[in-house]
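Residue numbers (the working numbering), protein chains in the order written: chain A, 1 to 116; chain B, 117 to 230.
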Amino acid sequence: GDSVTQMEGPVTLSEEAFLTINCTYTATGYPSLFWYVQYPGEGLQLLLKATKADDKGSNKGFEATYRKETTSFHLEKGSVQVSDSAVYFCALSEGISSGSARQLTFGSGTQLTVLP
Amino acid sequence: DSGVTQTPKHLITATGQRVTLRCSPRSGDLSVYWYQQSLDQGLQFLIQYYNGEERAKGNILERFSAQQFPDLHSELNLSSLELGDSALYFCASSVAAGGIYEQYFGPGTRLTVT
Numbered sequence: 001g002d003s004v005t006q007m008e009g010p011v012t013l014s015e016e017a018f019l020t021i022n023c024t025y026t027a028t029g030y031p032s033l034f035w036y037v038q039y040p041g042e043g044l045q046l047l048l049k050a051t052k053a054d055d056k057g058s059n060k061g062f063e064a065t066y067r068k069e070t071t072s073f074h075l076e077k078g079s080v081q082v083s084d085s086a087v088y089f090c091a092l093s094e095g096i097s098s099g100s101a102r103q104l105t106f107g108s109g110t111q112l113t114v115l116p
Numbered sequence: 117d118s119g120v121t122q123t124p125k126h127l128i129t130a131t132g133q134r135v136t137l138r139c140s141p142r143s144g145d146l147s148v149y150w151y152q153q154s155l156d157q158g159l160q161f162l163i164q165y166y167n168g169e170e171r172a173k174g175n176i177l178e179r180f181s182a183q184q185f186p187d188l189h190s191e192l193n194l195s196s197l198e199l200g201d202s203a204l205y206f207c208a209s210s211v212a213a214g215g216i217y218e219q220y221f222g223p224g225t226r227l228t229v230t
């Protein structure tokens with residue numbers, strides 16, 4: 001079945017440092033890929049998405065590129081802020097052509113703490 | 117605010133009991149998903165409804181059931197509760213059932229079984 005493997009945390013960075021959180025996936029079809037963020041005490045919010053190979057999703061300075069050849073969707077940000085401290089989840093959903101259900105399969109989450 | 121509401125926010129109950137969690141999707145969204153977030157299992161998909169009909173099932177226990185009503189709100193029923201059912205239960209909604217459509221998550225219901 002589908003699965004998502006995510007870089008284990010926690011990750012602690014200083015403000016303005018470069019961030020990379022690795023994510024690789026296994027899927028039978030052609031999935032859509034997502035990064036969700038969960039701030040303390042809140043639900044998940046979609047950060048960015050990519051629906052086909054070589055697409056780049058971006059939002060709020062975060063970027064991730066759908067790499068079919070390496071089955072990866074690594075999250076990057078050039079300069080993190082204290083307000084970026086949260087848990088980040090990589091997820092996939094089978095694409096339209098697969099005919100399967102559309103639920104999200106999540107990675108284990110990576111806790112990011114940014115220190116001032 | 118995602119527009120998805122969940123009640124109650126917190127629930128504390130004893131083993132063997134039954135509880136009902138409620139979710140109201142965003143206006144216009146037809147699809148509702150239930151997820152469980154626990155320390156040992158992570159975030160797991162439980163079940164999906166689309167316009168009142170069950171669409172997909174994930175790792176949902178037989179003691180758990182759900183339904184989606186004509187007004188599109190959904191309820192997740194958990195019975196014969198065990199300590200291991202303690203978790204954060206999220207509801208999400210999307211406009212359709214396709215994989216490219218964003219799922220909007222509610223704030224969750226934290227269930228504690230004692």
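Each residue gets a CB set at the ideal place from its N, CA and C atoms; glycine is no exception.
Taking 3 residues as the shortest admissible run, the region 15 to 50 of chain A contains the following complete beta strand (DSSP E) segments, listed from N- to C-terminal end: 19 to 21, 23 to 26, 32 to 38, 44 to 50. By the C-beta criterion, the region 104 to 113 of chain A is judged to be in contact with the region 9 to 23 of chain A, since at least 3 inter-stretch pairs fall below 8 Å. Counting only residues of its own chain and dropping the five nearest sequence neighbours on each side, Val4/A has a CB closer than 7 Å to the CB of Cys23, Tyr25, Cys90, Ala91, Leu92, Thr105, Phe106, Gly107. With 16 or more other Cβ atoms inside 10 Å of its own Cβ, Pro223/B counts as buried. Not flagged as an interface residue toward chain A: Phe185/B, since no C-beta distance is shorter than 8 Å. Boundaries for Arg134/B: no beta strand (DSSP E) harbours it, and the DSSP string shows neither H nor E there. The criterion of a C-beta distance shorter than 8 Å is not satisfied by Thr136/B and Glu198/B. The beta-carbon separation of Lys56/A and Thr65/A, rounded to 5 Å, stays under the 8 Å limit for a contact. Assignment of Ser83/A by DSSP, reduced to helix, strand and coil, places it in the helix class. What Phe73/A touches in chain B, judged by beta-carbon distance under 9 Å, is nothing: the nearest beta carbon there is about 14 Å away. Against chain A, the beta carbon of Ser118/B has neighbours under 8 Å at Gly43, Gln45, listed in chain order. Under a criterion of Cβ atoms nearer than 9 Å, the residues of chain A adjacent to Pro223/B are, in order, Gly41, Glu42, Gly43. Distance check between Val148/B and each of Gly119/B, Ala203/B, Leu227/B places Gly119/B closest, using alpha-carbon atoms only.
A direct Cα-Cα distance of roughly 45 Å separates Leu188/B from Pro116/A.
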